[in-house]
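Q: Per the working numbering, the sequence shown runs over residues 223 to 516. Glycine is no exception: its CB is placed at the ideal position from the N, C-alpha and C atoms.
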Amino acid sequence: MSLATFENYFLPGNGREVVALLQEYGERALILAGGSFVHGLAARDLLSGVDVFIDIQKLGLANIVTDPDGLQVGAMTRFTDFEKVPEIQNDPGWGAVKDALSYPPAQIMNAATVGGSIAAVCPYFDLPTALLAVGGKVKVESNTGSREINLKDFSTSLFESSLGVDEFVTGLVLPQPVSGSVSAFIKLATNANDLAIVNVAVQINLDRSGVCRSASVALGGGVNEITLRSAAAEKLLEGQKLTDELMKAAGTAVQVDISPMADHRASAEYRSAMASVLTERALQRAIARLTRSS
Ligand SMILES: Cc1cc2nc3c(=O)[nH]c(=O)nc-3n(C[C@H](O)[C@H](O)[C@H](O)COP(=O)(O)OP(=O)(O)OC[C@H]3O[C@@H](n4cnc5c(N)ncnc54)[C@H](O)[C@@H]3O)c2cc1C
């Protein structure tokens with residue numbers, strides 16, 4: 223099936239119209255943002271039952287606002303514009319986001335949107351893993367108004383989210399990292415254009431004596447049906463000095479929380495082993511960044 227065969231194409235001018243269309247067409251309707259994922263679904267004939275497109279490019283959702291509380295990023299912000307935000311480039315607390323945005327090929331950087339990356343609920347994407355580690359929240363709008371959903375609670379199962387039938391994503395909120403925070407992201411893939419076999423993002427905050435005040439460890443790339451946080455690794459790190467041994471142990475601890483999938487990219491056993499290795503390396507990368515920024 224080609225996207226060009228769709229007869230029901232809508233280009234609403236505001237959020238109310240989007241919600242009304244979602245209510246009218248329900249499961250038949252699909253929101254179109256950058257189209258980079260939707261095109262892949264169409265090419266593989268995975269859009270059966272969908273015959274309505276709601277293109278949200280006219281909603282004015284490509285804005286980015288910086289304030290003392292953090293960043294407000296419109297859903298239609300392209301990866302390339304997100305990457306250029308000075309705070310993303312310079313604040314080590316958002317280093318994981320900067321890292322994740324260094325992987326996609328140029329075509330995807332120019333087409334993919336932040337909202338589409340989140341709303342696709344694809345466990346193989348990189349950006350959502352980084353956003354999860356830095357405490358991102360999703361802004362959504364529906365008939366009853368708007369609300370925020372913690373990214374932690376957004377994915378419910380493979381390709382499924384907690385969005386209601388008439389809800390859509392309007393933006394992302396990234397809380398300002400606590401002073402002294404650092405984060406890092408790392409991805410394992412078969413080649414530069416491929417989706418992740420495993421990806422890991424961490425954000426840590428250390429006190430002056432080097433004791434970990436808070437830790438966030440997020441994993442994606444098929445280590446589970448959804449991108450997730452490892453409570454076991456976080457618990458192990460918090461309140462401790464981050465020695466090499468402890469970071470290795472945190473890598474081992476993620477095994478408690480993951481349930482890797484097997485596919486053409488990797489076996490479940492390989493993903494499992496790599497999840498531990500990448501967690502340790504992401505922590506090492508974050509620590510190295512801390513040393514450089516102090
Ligand atoms: C060749 C290739 C390489 C890639 N490499 C990477 C990579 O290195 N790292 C990485 O992170 N990702 C990568 N990706 C994935 C890419 O990030 C996603 O395809 C992209 O983020 C999806 O965003 P989009 O705006 O194109 O969404 P679309 O394709 O338009 O939509 C995606 C899904 O989300 C829904 N949707 C979109 N916006 C909204 C909204 N505002 N509210 C509700 N639902 C919505 C759509 O209905 C659809 O189901 C790659 C993809 C390709 C094809």
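Beta carbon of Ala355, beta carbon of Ser438: below 8 Å?
A: Residue numbering aside, residue 355 sits at position 133 when the sequence shown is read from its first letter. Residue numbering aside, residue 438 sits at position 216 when the sequence shown is read from its first letter. Contact flag set, yes.
Q: Identify the residues that DSSP records as bridge partners of Phe259: which are they?
A: Within the sequence shown, residue 259 is the residue found at index 37, counting from 1. Answer by DSSP bridge pairing: none, since Phe259 is not bridged.
Q: Which residues in the same chain as Ala334 place their Cβ atom closer than 6 Å to its Cβ, once the five residues preceding and following it in sequence are excluded?
A: Here the question's residue 334 lines up with position 112 in the sequence shown. These residues qualify, in order along the chain: Gly256, Ser258 and Phe301.
Q: May I ask you to report which of helix, strand or coil DSSP gives Thr378?
A: Here residue 378 refers to the residue found at position 156 of the sequence shown. Of the three classes helix, strand and coil, the one that applies to Thr378 here is strand, per DSSP.
Q: Can you grab the Cα-Cα spacing for the pair Glu370 / Phe390, in whole Å?
A: Taking the sequence shown and counting its residues from 1, the one referred to as residue 370 is at position 148. Taking the sequence shown and counting its residues from 1, the one referred to as residue 390 is at position 168. Looking at the two C-alpha atoms, the distance is approximately 11 Å.
Q: Please give the ranges of any alpha helix (DSSP H) in the region 231–260, keeping only runs that are unbroken, at least 4 residues long and fully inside the region.
A: Segments of the alpha helix (DSSP H) lying fully in the region 231–260: 237–247.
Q: Quick one: does the C-beta of Gly317 sit closer than 7 Å to a heavy atom of ligand 1?
A: Here residue 317 is taken as the residue at index 95 of the sequence shown, counted from 1. Gly317: no, Cβ never under 7 Å from ligand 1.
Q: Any heavy atom of ligand 1 closer than 7 Å to the Cβ of Ile278?
A: Taking the first residue of the sequence shown as 1, we reach residue 278 at position 56. Ile278: yes, Cβ under 7 Å from ligand 1.
Q: For a test of the three-state rule: what should DSSP assign to Ile519, helix, strand or coil?
A: Outside the shown range of the chain (223 to 516) lies residue 519, about which nothing can therefore be said.
Q: CA-CA distance, Gly461 and Leu410?
A: In the sequence shown, the residue the question calls residue 461 occupies position 239. In the sequence shown, the residue the question calls residue 410 occupies position 188. Those two C-alpha atoms are separated by around 29 Å.
Q: Excluding the five sequence neighbours on either side, which residues of its own chain have a C-beta within less than 8 Å of the C-beta of Asn415, listed in chain order?
A: The residue given as residue 415 occupies position 193 in the sequence shown. Closer than 8 Å at the Cβ level, and outside the excluded window around Asn415, lie Pro327.
Q: Could you tell me if Ala484 is buried or exposed, where buried requires 16 or more neighbouring beta carbons within 10 angstroms of its beta carbon?
A: Residue 484 sits at position 262 when you count from the first residue of the sequence shown. The residue in question, Ala484, is exposed, as its Cβ has fewer than 16 Cβ neighbours within 10 Å.
Q: What are the residues that DSSP puts in a beta bridge with Ile426?
A: By 1-based counting over the sequence shown, the position of residue 426 is 204. Answer is Val404 and Ala437, bridged to Ile426.
Q: Nearer than 7 Å: is that true of the beta carbon of Asn415 relative to any heavy atom of ligand 1?
A: Against the sequence shown, residue 415 aligns to sequence position 193. Correct: Asn415 has its Cβ closer than 7 Å to ligand 1.
Q: Spell out a yes or no on whether the region 381–398 and the region 291–301 are touching, meaning 3 or more CB-CB pairs, one atom from each, closer than 8 Å.
A: Contact holds: three or more Cβ-Cβ distances are below 8 Å.
Q: So, helix, strand or coil for Gln279, using DSSP?
A: Position 57 of the sequence shown, counted from the start, is the residue given in the question as residue 279. The answer is coil: DSSP assigns Gln279 none of H, G, I, E or B.
Q: What are the partner residues of Pro397, as DSSP defines its beta bridges?
A: Within the sequence shown, the letter at position 175 stands for residue 397. DSSP output for Pro397 lists Gly292 as bridge partner(s).
Q: Could you give the DSSP three-state label for Thr347: helix, strand or coil?
A: Locating residue 347 in the sequence shown gives position 125, counting from the first residue. This sequence places Phe at residue 347; Thr is not what is there. Correct three-state label for Phe347: coil.
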